[in-house]
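For reference, the structure discussed in these notes is given below.
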Ligand SMILES: Cc1cc2nc3c(=O)[nH]c(=O)nc-3n(C[C@H](O)[C@H](O)[C@H](O)COP(=O)(O)OP(=O)(O)OC[C@H]3O[C@@H](n4cnc5c(N)ncnc54)[C@H](O)[C@@H]3O)c2cc1C
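Protein chains in written order, with my numbering: chain A, 74 to 556; chain B, 4 to 423.
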């Protein structure tokens, strides 16, 4: 793009020059998310209102340019990678909490609000917003909704979808629509459910009505230390199988522990093969019994030690180990490739063992950080991207792990999304007719595919280029010609 | 069961009853109906067929009751996959053997099928704690009009691969496809329970108790509000005008402490009596049945469900009484899921008064940011009253989805919102 391009000029007129980025240096920052995918948008805009977004879409349509919504860019599946170029809408300036309604237990927020900021704002009232991705200090609520993100405490509280009551969306024609609300049982098709997890392909989310909850009266955090990862994973399936649902059960393997220790020196045992971070919460009355029961469980399943956080500081330290885990992996290798498969919880011991075999076969190190209570694996395959062919190889390994997950009844993504990254694996889960049915939903809501094209559903490896060249025809109304 | 009268809807009878043996046969029949443009009403247990408008066309019934098997029960993973024609009671029995349950407590569990309940978007008292069914429904299979069986979602507790087509079918009243199978995350039964029954003289006090109970440090499983008529259906000798039933689950220690907390709320809000009830399974069953009891104890009553923001409970009830009063109708009989607020109200009267009641009620409930669904109307009134409230601008998207999945409009035509 150049400053004289008519699209840039129109956008500048709409938003002001400081809200339209078009110089290569400025755009570069917007070329990445948290994955290994990369592509540069033609223009980045930073709107402040829903109305502006509606106008931006109309401009994009006039120039046949794709629209890619971007939250904080922490996504791990290339869902914001603008492979067809176009206009990226960044929400950094739509970051206000508009309303906190304690009586109705809702908060109305703009999409750019950072996840953690919601709970921080609610803390004085002793309320919180439950979904807590490990990236919560950076990721946006809009991104969370678009990805239906999870987090450690989703074991008890459920994923983002369970906490979103209403959405304001801008459709691909620029129309602004409210879906859902504070009253239950919205009539008609559950469009809120359709938009959650739609990765920006159905509409631009401009306001989010989230459900908030009173903070639990008491919280107990345990760290169970195991000599083998198998003991740890058996503990997880044992606890769930016994019908005990803690607020969170996270697993960190030995490789990751050592990386975290090297970086932060939290005091984790360097010789352990795995630790489980278990949290229970609820009313004070009965919480100590629950804590004891879980501690006993861990010991019964072979934990060599169970530490219990004695105060808020110790609790924060234990969580620090989990929340900094991915960052700490940088100590071990220049790059990591994270996967996100899910297995039935009883299959955790099996899958971790098979994964170990795969690591040995390919001679790579895999560092594991799991939302173990939900059976959600996060194997991080370590590599050095400077080595020729290294990325391709780790992708192949990742694919092998995902195939195993599906083979035991699981799925290819528990929370990170499909984006570009998992497109090739969708056929592992779904037959063509299933994918066609999903495409019907998309085409009913966003037929021109101007919104985040080429994501979610496999549309051929050339999708990006095809989209670039065919968007204008599609928007003119002839949707059949397009891809 | 081949008596066509069983399948009468608003005076209309089908010509054909299909009772496919399995999902594949069901899909084939559906495709055949589509080819012949024959209007199909999917039929589970028939317990929720009073919902919606009069069908625009009605040629055939497609019964799902043979799809009544457990497809897969991974009890140690807390997930179950069942055929859509399985009754809630049978699911409860299977899960109960492992101390687990599915928190869908709606009327007539021995007849209501899981497919029907999902399609109707029905929810019971336990939704307060466990969320609506779409929150713990992990995936499903459904037959489409072109004869395919589509898989959506997954069988594991977390999945974000693909659009959530399975969730879009919850509450779609079978207008997009016919569910043949569904997978759920199930829940362990709490080790102990506590059921508190609070009696009040004044509605205002009963309503004041609701948010206080909801905010206790022990999160309640259910908080229900009953008037004297519905209360006596479930607890015949209870004395008072308004009642709050609150249910809790957790450890024995937690329950013991909670009992005191609720008693304190009762004191604060001027309850005339507070009781901790024992052996409450039958009581909660009877409470869950109340939406049906309200309909069935007065076959010509108009029954509405008002969905409102929680904070407006007292206002919404006031609005309902005023609307009835304005038409010189006797006060509505009331039962409400009080915290996540939906109010079931039943009124009797002549058609003109009832029609005026509904339009007045709707206008005022809209001001509270809620909506009113007419769940059942006397047959003479049914054609004049829209079962559904206004769906606003979102209707266009809904119609567009409908066209994609059912272009010939053969699935439950005309019964759903906006003429879908
Ligand atoms: C260290 C680390 C830890 C993580 N831990 C977790 C975890 O525990 N659980 C988890 O689920 N994920 C986790 N993630 C992944 C990531 O943080 C989440 O996917 C998060 O929700 C992305 O939010 P974001 O604001 O960065 O969105 P982005 O990455 O910017 O965008 C994500 C998607 O949302 C769309 N989008 C953004 N805003 C809007 C909008 N307003 N309207 C429509 N579409 C929009 C984008 O187009 C894209 O498809 C982690 C990532 C990192 C780097």
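C-beta: ideal position from N, C-alpha, C; glycine also. Note that the structure is a prediction, hence the values are computed from the model and not measured.
In the DSSP assignment, residue 208 of chain B falls within the alpha helix (DSSP H) that extends over 206–217. One thing to note: residue 423 of chain B has its Cβ no nearer than 8 Å to the Cβ of residue 407 of chain B. Setting aside the 5 residues that flank it on each side, residue 351 of chain A is surrounded in the same chain by 295, 319, 322, 367, each with a C-beta closer than 6 Å to its C-beta; the list follows chain order. By the rule that beta-carbons nearer than 8 Å mark a contact, residue 102 of chain A does not touch chain B. In the three-state scheme derived from DSSP, where H, G and I count as helix and E and B as strand, residue 273 of chain A is classed as coil. Residues of the segment 505–528 of chain A with a C-beta less than 7 Å from any C-beta of chain B: 506, 507, 510, 511, 513, 514, 515, 516, 517, 518, listed in chain order. Within chain B, 159 have C-beta atoms less than 8 Å from the C-beta of residue 416 of chain A, given in sequence order.
In the DSSP assignment, the residues bridged to residue 76 of chain B are B:83.
Distances taken from the Cβ of residue 509 of chain A to the heavy atoms of ligand 1 include none shorter than 7 Å. CA-CA distance, residue 482 of chain A to residue 30 of chain B, rounds to 24 Å. When the beta-carbon positions are compared, residue 274 of chain A and residue 524 of chain A come within less than 8 Å of each other.
Scanning the segment 374–456 of chain A from its first residue to its last, the whole beta strand (DSSP E) runs of 3-plus residues come out as 378–381, 408–411, 439–443, 452–456.
Taking C-alpha positions only, residue 264 of chain B is separated from residue 283 of chain B by approximately 19 Å. Your pair residue 115 of chain B and residue 131 of chain B does not check out as a contact, with CB atoms roughly 20 Å apart and the cut at 8 Å.
Residue 371 of chain B and residue 240 of chain A have their C-alpha atoms spaced approximately 18 Å apart.
Residue pairing of residue 336 of chain B in beta bridges, as defined by DSSP: B:349. Within its own chain, no residue has a Cβ closer than 7 Å to the Cβ of residue 395 of chain B once the five positions on either side in sequence are excluded. In this structure, residue 88 of chain A and residue 118 of chain A form a Cβ contact; the two beta carbons are roughly 6 Å apart against a cut-off of 8 Å. Annotation: residue 420 of chain A to residue 179 of chain B spans about 34 Å, alpha carbon to alpha carbon. Judged by DSSP secondary structure, residue 404 of chain B falls within the alpha helix (DSSP H) whose first and last residues are 398–408. Out of A:148, A:200, A:255, A:135, the CA that lies nearest to the CA of residue 342 of chain B is found in A:255. The continuous beta strand (DSSP E) containing residue 253 of chain B extends over residues 245–253. Spatial neighbours of residue 202 of chain B in its own chain (CB-CB distance under 7 Å, excluding positions within 5 residues in sequence) are listed in chain order as 241, 242, 243, 246, 274, 275, 276. At a Cβ-Cβ threshold of 8 Å, residue 168 of chain B and residue 511 of chain A count as neighbours. Less than 8 Å separates the beta-carbon of residue 110 of chain B from that of residue 50 of chain B. Relative to ligand 1, residue 489 of chain A has its C-beta within less than 7 Å of a heavy atom. Here residue 52 of chain B is buried: its Cβ has 16 or more other Cβ atoms, across all protein chains shown, within 10 Å. The beta carbon of residue 226 of chain B sits closer than 7 Å to those of 131, 213, 216, 217, 247, 249, 341, 342, all from its chain and outside the five residues before and after it, given in chain order. In the structure shown, residue 391 of chain B adopts coil according to DSSP, grouped into three states.
With contacts defined by Cβ atoms closer than 8 Å, residue 213 of chain A and residue 164 of chain A form a contacting pair.
Between residue 103 of chain A and the set A:81, A:141, A:84, A:136, the nearest pair of CA atoms involves A:141. Within chain B, the residues placing a beta-carbon under 9 Å from that of residue 447 of chain A are 159, 160, 161, ordered along the chain. Only 166, 167, 168, 170, 171, 173, 174, 175, 191 from the segment 166–197 of chain B bring a Cβ to less than 7 Å from some Cβ of chain A.
Close to residue 178 of chain A, with beta-carbon spacing below 8 Å, are these residues of chain B in chain order: 313. DSSP places residue 267 of chain B in the helix class (H, G or I) of the three-state scheme. Residues of the same chain with a CB within less than 6 Å of the CB of residue 347 of chain B, apart from the 5 flanking positions on each side, are 294, 297, 308, 338 in chain order.
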